[in-house]
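First up is the structure itself, then whatever we jot down about it.
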Amino acid sequence: MRTRALTVVETTRREIFLLVSRALSAGYARFPAERFTVLAHRLAVADDAWLARLADWMTRHDSLRRLRLAIVAELAHARLSTGTTGTRKTISQALLRADEPGELLTYWIHRYGRAIPKPIRQGVADATIRLYDEAALATYDSPGAAMRFADVLGLTHPVPASDQQAKVFGHAVDRRRNLVERVPAGLPLLRARRSLHWIPAQRRATLLQRPEAAERLALTGMSWQTIERWLLGDMTAPAWIAVLPSMSYQDRLAHLADFDRTGLCDEVAHAIAADLADPASVIRSGVTPLEIYAAMRSVPASRWSSALRQAAHLSLTNVPALPGHTLVLIDRSDPRPHPRSEPRSEPRSEPRSNPRPDPRSEPRSNPRPDPRSEPRSEPRANPQSDPRSDSTVGPASPSFTHADAAAVFGAALALRASSADLVEFGTVTAHVPLRGRSLPETVDSLHPIGGVASPARAIRDHLKDHNRVVILTHPDSAAETAEAITTPGQEHIITNVSSGWFTAIPLIEMARIAAWPF
1 MRTRALTVVE
11 TTRREIFLLV
21 SRALSAGYAR
31 FPAERFTVLA
41 HRLAVADDAW
51 LARLADWMTR
61 HDSLRRLRLA
71 IVAELAHARL
81 STGTTGTRKT
91 ISQALLRADE
101 PGELLTYWIH
111 RYGRAIPKPI
121 RQGVADATIR
131 LYDEAALATY
141 DSPGAAMRFA
151 DVLGLTHPVP
161 ASDQQAKVFG
171 HAVDRRRNLV
181 ERVPAGLPLL
191 RARRSLHWIP
201 AQRRATLLQR
211 PEAAERLALT
221 GMSWQTIERW
231 LLGDMTAPAW
241 IAVLPSMSYQ
251 DRLAHLADFD
261 RTGLCDEVAH
271 AIAADLADPA
281 SVIRSGVTPL
291 EIYAAMRSVP
301 ASRWSSALRQ
311 AAHLSLTNVP
321 ALPGHTLVLI
331 DRSDPRPHPR
341 SEPRSEPRSE
351 PRSNPRPDPR
361 SEPRSNPRPD
371 PRSEPRSEPR
381 ANPQSDPRSD
391 STVGPASPSF
401 THADAAAVFG
411 AALALRASSA
421 DLVEFGTVTA
431 HVPLRGRSLP
441 ETVDSLHPIG
451 GVASPARAIR
461 DHLKDHNRVV
471 ILTHPDSAAE
481 TAEAITTPGQ
491 EHIITNVSSG
501 WFTAIPLIEM
511 ARIAAWPF
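Residues in the sequence shown are numbered from 1 upward in steps of one, following the UniProt record's numbering.
Below is the structure:
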């Protein structure tokens, strides 16, 4: 007979994994809410082995990294409370990206105060020795970081592994104190960046027209986003050519209209198009039909059209093949603009503890280089090639509406499912044929119905012997939709259509039956 304690643990597992699964739909690294923290703390005490496996699995998804670090901190706290050894090694191995030592310390201080136990400090120190180098300092150390590199060093006191790392540590402290006039001679990447920022703004675009431009930029380790800021947003065709090597599949996809606007030559465009339509590139990038169709809307009837239609078909591989019989209901009455990407920035939902010793020492722009292009923390240039980076696709397309996104998402999900019924609804409802159709053909067959939608009626009319129902509607209809489902099971009510839902749906269903992917 199962005990009540075991039942409580199983319920807690399901709830925390459900929260983790839903977080994937957002596409950016959320700060842990209080409920998540409470659940992580409970499991750290009651079932630390399962929670550790969950944290290890979460490393596959960068949008879960802050939730993962919260779990790591709670596991460490539980270990310290029981006198279990190995906390130092656990902390060190859990920190994978150079901003994570600061993120972990910030969480700990916010949760448990500034008295940081020695094993925590030692584990973070070990991680900084492994993670802190020139590129990391240039990429992640900025006033907007959860904690500056210098503050992490001040709290943990790591011993540099080499003379060059000692210079990196020293320069991190100088940056924190705004002593950035000089970069040490042993830091070539940072010196190369500094030299670029001394070039007058009006001469920078001309520099990128030189044959050695791409090679010179490569020496700086600057991502295309940083170079765009360096050019003060004035990207030209030579500038795009120079930064193409540092752009991911999604980056290029999101800027096809910019390539055309700046007059990118056909030779380079053909090479980009070939990569967009390459099956290996599509699979490796993890691009979804939602992203492909947003790009289609940004460059309609263009030199990219053929490649994009091929990519749209290939991208179905990155959509989950749901088992059983699925009903997909698409609300075709909502014409509001829909962002074609997850948020570029990461909204903060919790206060941060502030370990900074002196707020007056916050770095300011150097008055001599152009302050608008000063180096600052940047996301990884390639969100897909770097599996730990935050997801980002590009600017929103005003022509890609919420209804369009729902149509593409629903059609892709239905086509990949083992068995599915696809229904569009507004003032009336209509079945959408799937047999023998490609994704573009299915999407093209969907049309705005208009009027005021009735999700409840659509559910009553079409939900029969299905194993699950996926309803794509707008926020105002969410409550009505939930009330209309009289037999709760595998239902998914989606109001914020995003690529992350392709990953989230199967995991949410696994959480409901306690079938873990680890």
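For every residue, glycine included, the Cβ atom is placed at its ideal position computed from N, Cα and C.
Coarse secondary structure for residue i, derived from DSSP in three states
i      : result
ASP133 : coil
TRP501 : helix
PHE31  : coil
GLU491 : strand
THR106 : helix
LEU264 : coil
THR12  : helix
MET510 : helix
GLU181 : coil
SER21  : helix
ILE292 : helix
ILE449 : coil
ARG58  : For the sequence presented, residue 58 should be read as Met rather than Arg. MET58 falls in the helix class under three-state DSSP.
VAL299 : coil
TRP516 : coil
ASP141 : coil
HIS157 : coil
ALA121 : Looking at the sequence provided, one finds Arg at residue 121 rather than Ala. Looking at ARG121 - three-state DSSP - the assignment turns out to be helix.
THR84  : coil
ILE485 : coil
ALA46  : helix
LEU6   : helix
ASP275 : helix
VAL319 : coil
GLY410 : helix
ILE71  : helix
ALA257 : helix
ARG53  : helix
ILE116 : coil
ARG79  : helix
LEU187 : coil
ASP126 : helix
ALA98  : coil
Beta-carbon contacts of residue i that lie in its chain and below 6 angstroms, excluding the five residues immediately before and after
i      : result
ARG88  : PRO119, GLN122, GLY123
ALA46  : VAL9
THR12  : LEU39, ARG42, LEU43
ILE16  : LEU39
SER399 : ARG297
Residue-level contact to chain C via CB, residue i, 7 angstroms cutoff
i      : result
TRP230 : This model lacks chain C altogether; it includes just one protein chain.
Residues near residue i by beta carbon distance below 7 angstroms, same chain, minus five either side
i      : result
SER361 : With a pLDDT of 36 at SER361, under the threshold of 50, the modelled position of that residue is not reliable, and the figure given next carries that caveat. The residues are ARG176, ARG177, ASN178.
TYR107 : LEU69, ALA70, ALA73
MET147 : GLY102, LEU105, THR106, PRO355
ARG22  : ALA504, ILE508
GLY451 : SER333, GLY426, THR427
THR156 : ARG121, VAL124, ALA125, THR128
GLN209 : PRO238
TRP304 : LEU256, ALA273
For residue i, the residue or residues it bridges with in DSSP
i      : result
SER419 : HIS325
GLU424 : ILE330, ALA430
Opening and closing residue of the beta strand (DSSP E) in which residue i lies
i      : result
ALA430 : 429 to 432
Delimiting residues of the alpha helix (DSSP H) encompassing residue i
i      : result
LEU472 : Where LEU472 is concerned, there is no enclosing alpha helix (DSSP H), although the beta strand (DSSP E) it sits in stretches over 468 to 472.
PHE169 : 163 to 176
ASP444 : 439 to 444
MET147 : Where MET147 is concerned, there is no enclosing alpha helix (DSSP H), given that its DSSP letter is neither H nor E.
ILE283 : 279 to 285
ARG460 : 455 to 462
LEU314 : 305 to 314
LEU253 : 249 to 254
Beta-carbon proximity list for residue i, same chain, < 8 angstroms, skipping 5 on both sides
i      : result
PRO440 : ARG309, ALA312, HIS313
ARG14  : ALA511, ARG512, ALA514
PRO517 : TRP57, LEU507, MET510
LEU189 : GLU134, ALA135, ALA138, LEU219, THR220, GLY221
ARG437 : LEU415, SER445
**Request:** Mind listing, in chain order, the continuous alpha helix (DSSP H) runs of no fewer than 4 residues lying wholly within the region 193 to 240?
**Result:** Complete alpha helix (DSSP H) runs here, min 4: 201 to 207, 213 to 220, 224 to 230.
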